[in-house]
Amino acid sequence: MLYKHHQQKLLRWIALFLVGTFLQLLFYIPTPVLSLNSNSCSNITAPLTSEEQTYARAAWQYFVKNYQPATGFTNSTGGYPSGTLWDMGNYLMALNAARWLNLTDQADFDTRLNKFLTTLSSLKLFEDALPNKVYNAANAQMVDYGNNPLERGIGWSALDVGRILAAFDVIRTCHPQYNDWLKGIVAKWQVARSLKDGQLFGATVLPDNKTLLVQEGRLGYEEYGARGYQLWGFSAPKAIVFEPFKLVEINGVQIPVDTRDFQSTNANNYVVSESYILDGIEFGLQGELADFAARVLDVQKRRYDTTGQLTAVTEDNIDQAPYFLYNTVYANGASWATITDANQPYPQFRSISTKAAFGWRYLFPDNAYAQKVFDAVKDLRSPDDSGYYAGIYEESKQPNKALTGNTNGLILEILYYKAKGNQPLIASGSVSVSTGKPSEETSPATPSNEPNSTVTTPIANQANSTATTPTATPADTSKPTEVAVAPIPPVDSPKSSNLKLDRSLSVIERRYAEAAWRYFQANYHSKSGLIDDRSDFKGATLWGLGDYLAALHAARSLDIITPKEFDQRTRHLLAVLTKLPLFAGELPSRGYDTRTLQSVDYGGNPIPEGNGWSALDLGRMLAALYNLKTCHPEYTTAVDKIVLDWSYLRVVREGILSSATVTKEQDGRSLTRVNPETRLGYEEYAARAFQLWGFNVDGSAVGGEYQTASVEGVKVPVQRRRTDTNSKVNQYTVSNPFLLYALEFGLDPKMRSLFEPIFQAQAERYRRTGTLTASATTLIDRKPYTVHSSITGQGDPWVALGDDGQPVPKGRLVSTAVAFAYHALLPENKYSQQLLQGTTDLYNPLAGFYEGFYEATGKTAVGFTSSTNSMILQSLLYKVMNRQPLIRPTTSMKSPWWEEVTKGNSGRGLPNTAIQRTKLISDSSGSYWLSGSENTKLVTDTKVTK
């Protein structure tokens, strides 16, 4: 809490001292106890009324407008980038309330909380022990209360630590996927240093620069802070009891007052509303505490009855000097004192507190006076929608226009408490996972973010699909029978990856890698061994399964998964690849149901005969299988068995790659058509993969002439000039395939001439407009389900297109995967650094990284895919491999594949000679795979953008 005081404490009664002496031996070994919650966090039993929803939305706007994107913190007061641990606790409580009150969706919640915790985890601590009393919210530097940077800091506040520990408990209870992260933060802090003699101790810096420990807390706040410590297993037995206190009669009511006053301890013993309100809504008012709270409310009513002045007093910021005051029932011997932390009186600025009025109204819903004082402030919102003002001055009757996180955060907490049926936030038993249904107030348009939730209408299109998108057929709603596939037998001698890493992952990089791998845990079908291409669709393409295999390899190489898990998953995947029905007995079909292994179209509708094959998908899988053989040669025989089952007669024709589609004639006949692949970037990537296996696909490999368009003054490739086809299917340029190519194969001179202008155009757009740009094909949770945020598409720059080539208004996304990949490839580039900074925290710890965020609104694009999370894992692996291509060269040509190629005349279109058509080389520009096709020439088009 801003300007929280730090007080000296007298000795307790001797009996309590002896008890405390015994118990204090225990608190040095914390034994965390998760709060027990009998009602789930999402169990909204008393939905907010329309008026209450207005209150909640107004309070949440404070945090929206005072958010610091660089740190994830929020300002303690409107527009002032400063914050204490108390303020941070306020924000966490507000964020949790906003989630369950449906003021924000799960994606935004995760983005905010991930950024917040990332910054909090790396905060510089006072004396490397505990967080400083206050930080600059914009850059997380230690500062003093004037927001002036201080290298050492000014000490810590134990009360503030208690506040954030209570908030941590609410977060880990309602969002248990963050429990380990929070435990790690608490473990890093030396919490025991703030406990002494069974009491809470803060730290302050004396003029001689020495650190002085001072007892903190008076009746009300002391007990509240100690309860926060107790939630995490830290005992403060003397602080948790009410003594020493006395009863002082004020307006005819006996009020409990701490006997340690300013005169004897240099710390205020004020009686205010907020400590009782916090205790009530978070822990529940019971026993003596309930009696004390009722007395504190009643005395304020008595003052109103006597004077006619509505009264709701507590500490508040004010909109003029001295800027922070304690409006009290009693302080340091005086009733109704309004004082500073230094006990200086300012009675002219006593005010009716908005947060206090809200608190009493909902803690005592049948109290007529609480309703009256609430009515006076319930509409005290700023006209520019910046939140609730702090209150109303008693003397001038004018609003106290201070806008604070304390006021607005407490209002949100209070309204959430009401929506839960007046159930304390930290008192009951069951845990509600935040990836489930938020509440009964959830808008029908809000998607479910549960990793394995079933959605009836999304379309599992891959970026490389060429077929017309069909609509999912909802007629058959029966649960399909899942096929169980046994893994291949254990390989002879499982070995660790033979990759040589230049360094280990940093702590933050490991967190990102673990988050990305979560996708493959959450969407794994344990019976079939398959992974869904996207979390809301039970389907997979060969491209998606190639993503999975690449992610599997990266996760093992980065030590995110154990050798045992890698081996089990790998053998399971290799087994199921032998079971997938082949289209026309030749090649894997375009899509499969991940439960039944049945061929499906992109809408998930069963097509027993299949719907063709994709040479691009096949290339993705061939690249992943090749690397598996190279880095884990023990799987070579199993891999070669799979690829030797396939026929390549029609996918490789006259040096180019071709794909098959199936069309339905009016007479009901199904006709197969095989056409050259022309998808820019994807064709080049797939061709390089085919070359690894010895295929001559020079006509599809990077090279030749490319038509360009001028975008942001940069010549960006649009399509290859070719005479073998006049196809104009889905003409758009996105980053994905070029990044995947660069990560896995490196940037040969020909690819570099395409890659660099694509990146440069995006950087130039950001420089010109300030709009972060990471153009990619991404999947979203609503129609058209697949969005191509192009650099240039259908002749226009920066257009978002659906698979049907139609524009998607306001549909452009900043891709998380693209941001990670650009930063891995270009770590020193300022724009790639900016991209990464804007996207690193877009993940849900249980479900993986989100696709990105919308350029127009900044809102997170709800959706999880194997493609995004695989590229993030591969990008992290690339970083620790000293920026070497992820595809490594084989050390042996003696394998079933090459033996069959050597035999010749296979009847299945194998390469003519047993040689790879590409090789890994190194020169001054780096390492990359190279083939013998001709140099790339760029041919300028006439399209110019300003």
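Numbering (the numbering used here), first residue to last: 1259 to 2204. Ideal Cβ positions, reconstructed from N, Cα and C, are used throughout, including at glycine.
- Per DSSP, reduced to three states, the secondary structure at Gln1965 is strand.
- Checking the DSSP bridge columns, you'll see Trp1871 partnered with Ala1918.
- Distance between Tyr1436 and Asn2102, taken at the CA atoms: about 9 Å.
- Between Glu1481 and Ala1497, the C-beta spacing is below 9 Å.
- If you look at Trp2156, you'll find it in the alpha helix (DSSP H) that goes 2154-2161.
- Leu1423: member of the alpha helix (DSSP H) spanning 1416-1432, first to last residue.
- Ranked by Cα distance from Ser2183, the options Asn2163, Leu1470, Tyr2108, Leu2084 are led by Leu2084.
- Between the alpha carbons of Gln1779 and Gln1364 lies a gap of roughly 19 Å.
- Looking at the backbone, the Cα of Met1346 and that of Tyr2089 are separated by about 30 Å.
- Taken through DSSP and simplified to helix, strand or coil, His2046 comes out as strand.
- Given a length threshold of 3 residues, each whole run of the beta strand (DSSP E) inside the region 1433-1499 is given here in chain order: 1457-1463, 1469-1473.
- In the DSSP assignment, Gln1512 falls within the beta strand (DSSP E) that extends over 1511-1516.
- DSSP places Met2151 in the coil class of the three-state scheme, outside both helix and strand.
- Taking 8 Å as the upper bound for CB-CB distance, Asp2039 and Gly2121 are in contact here, some 5 Å apart.
- Taking a cut-off of 8 Å on C-beta distances, the region 1553-1567 touches the region 1505-1518, as three or more cross pairs fall below it.
- Apart from sequence neighbours up to five positions away, the residues of its chain that approach Thr2031 with a beta-carbon distance below 6 Å are Gln2020, Arg2023, Tyr2024, ordered along the chain.
- Take the alpha-carbon of Ser2180 and the one of Ser2189: they are about 13 Å apart.
- Looking at the DSSP output, Ser1928 bridges to Lys1922.
- The residues Leu1343, Met1346, Gly1347, in chain order, have a CB closer than 6 Å to that of Ile1422 in the same chain once the five nearest residues on each side in sequence are set aside.
- A direct Cα-to-Cα measurement between Ala1798 and Val1858 gives close to 9 Å.
- One Cα belongs to Arg1827, the other to Gln1544, and the distance between them is close to 53 Å.
- In its chain, beyond the 5 residues on either side, Arg1829, Leu1832, Ala1833, Ala1896 have a beta carbon closer than 7 Å to the beta carbon of Ile1746.
- Here Ala1808 is not near Ala1771, since their CB atoms are 9 Å or more apart.
- Going by DSSP, Trp1618 is part of the alpha helix (DSSP H) stretching over 1612-1621.
- Here Ser2073 is buried, its C-beta having at least 16 other C-beta atoms within 10 Å.
- Closest in alpha carbon position to Leu1621, among Glu1653, Pro1682, Ala1600, is Pro1682.
- By the beta-carbon neighbour count (other beta carbons within 10 angstroms, threshold 16), Lys1973 is buried.
- Residue environment analysis places Lys2041 among the exposed positions, since fewer than 16 neighbouring C-beta atoms fall within 10 angstroms of its C-beta.
- Only residues of its own chain outside the window of five on either side were considered, and among them Tyr1320, Lys1323, Asn1324, Ser1644, Gly1645, Ala1660, Leu1661, Thr1662 have a CB closer than 8 Å to the CB of Gly1336, listed in chain order.
- Here the alpha carbons of Ile1610 and Thr2118 stand approximately 39 Å from one another.
- Just so you know, the alpha carbons of His1783 and Thr1854 end up roughly 11 Å apart.
- Secondary structure at Gln1977: strand, using DSSP grouped into helix, strand and coil.
- The DSSP-derived three-state label of Ser2090 is helix.
- The C-beta distance from Ile1429 to Leu1350 rounds to 6 Å, short enough to meet the 8 Å contact threshold.
- Three or more Cβ pairs closer than 8 Å define a contact, and the region 2122-2142 falls short of that threshold against the region 1389-1407.
- Where Asn1585 is concerned, the enclosing beta strand (DSSP E) starts and stops at 1582-1585.
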